[in-house]
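J.: In numbering that gives the first Met the number 0, the protein residues as written are 0 to 133. Every residue gets a Cβ at the ideal spot worked out from N, C-alpha and C, and that includes glycine. The structure displayed is predicted, hence computed values, not measured ones. One structure coming up, written as structure tokens, with questions to follow.
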Amino acid sequence: MNSSVTIIGFDLGHGKTALARMFSGANSEPEIVEIDNKKIIITAIAYDKETNFVYLGEDAFYKSQAQEFYICFKYKPFENTNDQEIFTAFVKELYRKLLNSPQNISNITQHFYIGHPSGWSEREVNEYKKIQKC
Numbered sequence: 000m001n002s003s004v005t006i007i008g009f010d011l012g013h014g015k016t017a018l019a020r021m022f023s024g025a026n027s028e029p030e031i032v033e034i035d036n037k038k039i040i041i042t043a044i045a046y047d048k049e050t051n052f053v054y055l056g057e058d059a060f061y062k063s064q065a066q067e068f069y070i071c072f073k074y075k076p077f078e079n080t081n082d083q084e085i086f087t088a089f090v091k092e093l094y095r096k097l098l099n100s101p102q103n104i105s106n107i108t109q110h111f112y113i114g115h116p117s118g119w120s121e122r123e124v125n126e127y128k129k130i131q132k133c
């Protein structure tokens, strides 16, 4: 890796989600990446079908125009296939927000590290990796 690489850690929790970053080739400490000016967001997504707008976190709870709302969608792969679509939509929207955030990571090389529970089988981890490639 060279000094222009940003390493991003993605922690999808059942209730809360957080992102952190650090820079390779530098003696830097990881720093929280804010999404919508928040260090941690609630793992929730909502859709406004009329405008096709997607809401994440607290906005998903408080936007009255949203017709669909989802929480608690972090499952092992293969446990709940309907939630995989919701999970994928959440990750895509989170990434879109990350690219448009004031931290401006869109013009630099990025490496993402996404964790998983240690009790998952190799098959579950591999499926999780496929889902992450949104």
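Less than 7 Å between the beta carbons of Lys96 and Ile34, yes or no?
T.: yes
J.: Should Ser23 and Ile6 be called a contact, given that it needs their Cβ atoms to be closer than 7 Å?
T.: yes
J.: Do Ala43 and Ala65 count as a contact pair if the criterion is CB distance below 7 Å?
T.: Between Ala65 and Ala43, the CB-CB gap reaches or exceeds 7 Å.
J.: Between Gly114 and Asp10, how many whole angstroms is the CB-CB distance? I'm expecting something under 8 Å.
T.: Their Cβ separation, rounded to whole angstroms, is 6 Å, which keeps Gly114 and Asp10 in contact under 8 Å.
J.: Could you tell me if Tyr146 is buried or exposed, where buried requires 16 or more neighbouring beta carbons within 10 angstroms of its beta carbon?
T.: In the structure as shown, the chain begins at 0 and stops at 133. Residue 146 is therefore absent and cannot be evaluated.
J.: Grouping DSSP H, G and I as helix and E and B as strand, with all else coil, what is Glu67?
T.: strand
J.: With a threshold of 16 other CB atoms inside 10 Å of the CB of Asn1, please say whether the residue is buried or exposed.
T.: Residue placement at Asn1 is flagged as unreliable, the pLDDT there being 44, under the threshold of 50; a coordinate-derived value is accordingly withheld.
J.: Please list, in chain order, all residues of the same chain as Cys133 whose beta carbon is under 6 Å from its beta carbon, the five residues on each side excluded.
T.: Residue placement at Cys133 is poorly supported in this model, since its pLDDT is 49, which falls under 50; the coordinates are not used for a value here.
J.: How is Ala17 classed by DSSP in three states: helix, strand or coil?
T.: strand
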